[in-house]
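A short write-up of the structure that comes next.
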Amino acid sequence: MKTIASLAKTTAIGGLVFLLPLVLIGYEVERLTDGWVAVYLPGAPETRSGSVAYFTNDRVVPLDTDFAGIASCLKTLGRGSSKIISDTSRLQRNV
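Each residue of the sequence shown is one higher than the one before, counting from 599 in the numbering used here.
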């Protein structure tokens, strides 16, 4: 079983998930063969607790940040979001 710490060392990719009208920040855990993506949605401020959800791949957009950048933003309840979402036009995708 993978832990949050082991995800940080492997292939988890931070991304935006578009779930109208919300935009969620999570970690892409796995791309499934049928066009779905498994995403871990951490809690804030406690990122070791969260949910796993599945989205179609067109709803997941990679972020230009790393695991620690997202965790830092969530631990501060979203403060510093501009550091991980530098191009806010990406928030309009699929909306």
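In this text, a Cβ means the ideal position worked out from N, Cα and C, and glycines have one as well.
Q | Supposed close pair Lys673, Thr645 - CB separation, criterion 8 Å | A | Here residue 673 refers to the residue found at position 75 when the sequence shown is read from its first residue. Here residue 645 refers to the residue found at position 47 when the sequence shown is read from its first residue. About 6 Å separates the two Cβ atoms, so the contact holds.
Q. DSSP on Gly633, reduced to helix/strand/coil?
A. Taking the first residue of the sequence shown as position 1, residue 633 is located at position 35. Under the three-state reduction of DSSP output, Gly633 falls in the coil class, being neither helix nor strand.
Q: Pick out whichever of Cys671, Arg677 and Glu626 has its Cα sitting closest to the Cα of Val658.
A: Numbered from 1 along the sequence shown, position 60 holds the residue referred to as residue 658. Taking each of Cys671, Arg677 and Glu626 in turn and checking the Cα distance to Val658, the smallest one comes out for Glu626.
Q) Ala606 by DSSP, collapsed to three states: which one? A) The residue given as residue 606 occupies position 8 in the sequence shown. Any reading at Ala606 must be qualified, since the residue scores a pLDDT of 45, below 50, and its modelled position is unreliable; the value itself is stated next. Ala606: helix per DSSP, three-state reduction.
Q.
Taking the alpha carbon of Leu639 as the reference point, which residue from Phe665, Gly624, Ala666 and Gly678 has its own alpha carbon closest?
A. Along the sequence shown, one-based indexing puts residue 639 at 41. It is Gly624.
(Q) Distance check for Leu620 and Ser684, CA to CA, integer angstroms please. (A) Taking the first residue of the sequence shown as position 1, residue 684 is located at position 86. Taking the first residue of the sequence shown as position 1, residue 620 is located at position 22. When rounded, the separation of the alpha-carbon atoms in Ser684 and Leu620 is 18 Å.
Q. Which residues share a DSSP beta bridge with Glu628?
A. Within the sequence shown, residue 628 is the residue found at index 30, counting from 1. Beta-bridge partners assigned by DSSP to Glu628: Ala636.
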